[in-house]
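Here is the structure we will look at.
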Amino acid sequence: MTLFTEITIFVLAVFVGFEVISKVPTTLHTPLMSQTNAIHGIVMLGGLIVVGYANDPLEYVIGTIAIAFGAINIVGGFMVTDRMLGMFAKKPKPKAEGDGKGGAG
Amino acid sequence: MIQAVFEPGGDAATALYIVAFSLFIVGIKRGTHPTTAKQGNLIAAGGMAIAVVTTLLLDGIGNWGLIAVGLGVGTAVGVIASIRVQMTEMPQMVALYNGVGGGAVALIAWSEIRHGISLGEDIPLDELIPVLFAAVVGSVSFWGSNIAFAKLQDLIPTKPLAVPGQQVINAVLLIGILAACVNIALNPGDPNQAVFIGILIAAALLGNLVVLPIGGADMPVVISLLNAFTGLSAAAAGFALDNVVLIVAGTLVGSSGTILTMEMATAMNRSVSNVLFAGFGGAPSGGGGGDGEERPHTSIGAQDAAIKLAYADTVTIVPGYGLAVAQAQHAIKEVADELESRGVTVNYAIHPVAGRMPGHMNVLLAEADVPYEQLKEMEEINPEMPRTDVAVVVGANDVTNPAAKNDPESPIAGMPIIEVSEAQQVIVIKRSLSPGFAGIDNDLFYEPNTSMLFADAKAAAGEIASEIAQL
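Written out as structure tokens, the structure is:
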């Protein structure tokens, strides 16, 4: 990839990011943050790549810690987000279904 | 050990990476509504699985023992932490995740530099510059996030810790970092590793020094900002490694952190630089001065509060971080249930910074099974306040202080507040008249339509609920 291809991707991603994320309501900002933590775990890919060409003890240690950090982000981030969102999704509206929509019909 | 399938940078791997980041975007898009967000999270996790498996199958991936150790340890820590964490502790958790994410990026950058040195060729500038950026921002995020974690966990004082000459030290560190980066960039054939380690250390110091002076009330801004930083550092690592999924994913995280940072700063009516460099948010100068005199206020008990609430038509509950600390969300929900069974309309008014990170209070109330339809944002509830019979303030302080609106001299002047003083009656459940994070007296407590209920939020809410049940 040329530098300018990468910059193009970056700029477009900025616009997509702002567009999509500005639509997330305040209510869901904490799960959004833990989910972006998890997506940030993508850096683990970098750890996997650099550990491949590591060839002395210091590089082994650096690479392994980077992979562990990334895995914490991915696994912990997605799991805790799932836990939180489960609380929101638990019951959309057990009562309101009767009074709100029922009245119209 | 595993047969390599994909060429790094080859068509197949790139195509799978494109699928992966598309799933991230779809996942976040689904996160715009509480009913679809859980599914969106799973979609994003699926994208991550594709990205990780693709990478493991790349040609040149090796040292499988180390990969197994890293994955094993990281997964174990992640699983245990995500199961054990209390919802009140989410800000610490996110701070810690920001930290390890930034740390991973800094370590990868260090590895890349060592790899470049060992190859003995010129490192191209379009790789070297992103590596340096990733190293600096990653290291700042790692240490800054650790300090934020320590403050939120009360391991170190949440009050602003000012070091004399702070701004000067920070400026010197920043100039030193830039100079060292230029030094490395001018020697792309043989970058000095000692200089690079110096950069990592200076950035670590900078991360510590920038976050240490920031007070507890400003944590929502700081956490969001560190989130944005770690995202940008991941995007930089993507430039260095020519990896498209890293660039897109990092940028998405960076956008998210940036948007949240701006929203939090707006909610406090302050600029981001003011949060970072003013050292407010703990105890501003002269804040403790007003303790001497006792101003007249009305104090009531749980039974009186129960009567006021039970005979109201509309009740708005204004929760603050104190509610979270007292773990009173479930007890408050009981009060709301009792009131609703008597036909009272109950809403919750959530200030954008009611908690220690964006959206924190919503999660705590969701944990207590409060339906999200009852969670009203500040702009939505303020026009309703004059028609509200009783506003109940639980563990919130500064975000209800009418001084923000009425007193241009106040340190919090101009901060958007939940206008509870507009309600017919106000009940404030609080341990004492002590000031909140901003360190200033709350005029609300002394208004004629305000009644103070001095108690622990959880105990008081429990009593009120049982009193209402007996009416």
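The listed protein sequences derive, respectively, from chains A and B. Numbering-wise, the first sequence is residues 1 to 105 according to our numbering. Numbering-wise, the second sequence is residues 1001 to 1471 according to our numbering. Quick reminder that beta carbons are idealized off the backbone N, C-alpha and C, glycines included.
For residue i, which beta-bridge partners are listed by DSSP?
i: Q1425(B); result: V1390(B)
i: V1318(B); result: V1393(B)
i: E1121(B); result: Paired residue(s): none; E1121(B) is not in a bridge.
i: S1022(B); result: BP columns for S1022(B) are empty, so no partner.
i: I1058(B); result: The amino acid at residue 1058(B) is misidentified as Ile; the sequence shows Leu. In the DSSP output, where bridge partners are listed per residue, L1058(B) has F1006(B).
i: Y53(A); result: Note: Y53(A) sits in no beta bridge, so no partner.
i: A1459(B); result: According to DSSP, A1459(B) bridges with nothing at all.
i: Y1348(B); result: I1317(B), L1375(B)
i: K1430(B); result: F1454(B)
i: S1299(B); result: M1452(B)
Between residue i and residue j, what straight-line distance do the alpha-carbon atoms span, to the nearest angstrom?
i: L1174(B); j: A1203(B); result: 8 Å
i: S1271(B); j: T1258(B); result: 13 Å
i: L1023(B); j: F1229(B); result: 22 Å
i: M1378(B); j: I1418(B); result: 6 Å
i: A1328(B); j: G1320(B); result: 11 Å
i: L1209(B); j: S1256(B); result: 25 Å
i: F957(B); j: G1144(B); result: In the structure as shown, chain B begins at 1001 and stops at 1471. Residue 957(B) is therefore absent and cannot be evaluated.
i: E1373(B); j: P1034(B); result: 10 Å
i: S1341(B); j: A1331(B); result: 16 Å
i: G1250(B); j: F1133(B); result: 13 Å
i: L1057(B); j: A1051(B); result: 10 Å
i: G1116(B); j: I1129(B); result: 13 Å
i: T1316(B); j: N1146(B); result: 37 Å
i: V1221(B); j: E1380(B); result: 22 Å
i: M1090(B); j: P1188(B); result: 43 Å
i: E1463(B); j: A1302(B); result: 6 Å
i: M1087(B); j: A1185(B); result: 45 Å
i: P1352(B); j: N1397(B); result: 14 Å
i: A1015(B); j: G52(A); result: 22 Å
i: I1468(B); j: P1408(B); result: 40 Å
i: P1411(B); j: P1160(B); result: 16 Å
i: M87(A); j: M1(A); result: 43 Å
i: G1436(B); j: E6(A); result: 47 Å
i: E1007(B); j: L45(A); result: 15 Å
i: G1062(B); j: V1053(B); result: 14 Å
Measure the CB-CB distance between residue i and residue j and report whether it falls below 7 Å.
i: I39(A); j: V1253(B); result: yes
i: G1070(B); j: I67(A); result: yes
i: R1295(B); j: Y1097(B); result: no
i: G1031(B); j: V24(A); result: yes
i: G1207(B); j: V1163(B); result: no
i: W1110(B); j: I62(A); result: yes
i: V11(A); j: A1234(B); result: no
i: G47(A); j: N73(A); result: no
i: A1402(B); j: D1443(B); result: The question names Ala, yet the displayed sequence has Pro at residue 1402(B). Result yes, Cβ atoms of P1402(B) and D1443(B) sit closer than 7 Å.
i: K1038(B); j: L85(A); result: yes
i: L3(A); j: D1122(B); result: no
i: A1240(B); j: L1200(B); result: no
i: I1223(B); j: M1361(B); result: no
i: S1451(B); j: T1298(B); result: yes
i: A1423(B); j: T1388(B); result: yes
i: A1465(B); j: E1338(B); result: yes
i: A1020(B); j: D1059(B); result: no
i: V1168(B); j: N1183(B); result: no
i: L1453(B); j: I1300(B); result: yes
i: A1404(B); j: K1376(B); result: no
i: M1415(B); j: M1262(B); result: no
i: V1275(B); j: D1218(B); result: yes
i: A1305(B); j: L1471(B); result: no
i: A1324(B); j: L1365(B); result: no
So, under 8 Å CB-CB, residue i and residue j are touching, yes? Tell me the CB distance rounded to an integer number of Å.
i: E1112(B); j: V50(A); result: 6 Å
i: V1390(B); j: I1427(B); result: 6 Å
i: F18(A); j: G1074(B); result: Not a contact, Cβ separation roughly 30 Å.
i: A1326(B); j: G1395(B); result: 6 Å
i: V1105(B); j: G1078(B); result: That belief does not hold up - the Cβ atoms of V1105(B) and G1078(B) are roughly 17 Å apart, past 8 Å.
i: N1041(B); j: T36(A); result: Contact doesn't hold; Cβ gap of about 11 Å is too wide.
i: V1344(B); j: A1312(B); result: 6 Å
i: V1393(B); j: I1429(B); result: 7 Å
i: F1142(B); j: G1103(B); result: 4 Å
i: A1457(B); j: G1322(B); result: 6 Å
i: L1260(B); j: M33(A); result: 7 Å
Review point. For the 8 Å Cβ check, are there 3 or more pairs between the region 1208 to 1216 of chain B and the region 1140 to 1160 of chain B?
Key: yes
Review point. Does the region 25 to 39 of chain A come close enough to the region 51 to 60 of chain A that 3 or more CB-CB pairs lie under 8 Å?
Key: no
Exercise for review: Decide yes or no for the touch test of the region 1233 to 1244 of chain B against the region 1179 to 1187 of chain B: beta carbon pairs closer than 8 Å, at least 3 of them.
Suggested key: no
Exercise for review: Determine contact between the region 1078 to 1093 of chain B and the region 72 to 85 of chain A, defined as no fewer than three beta-carbon pairs at a distance below 8 Å.
Suggested key: yes
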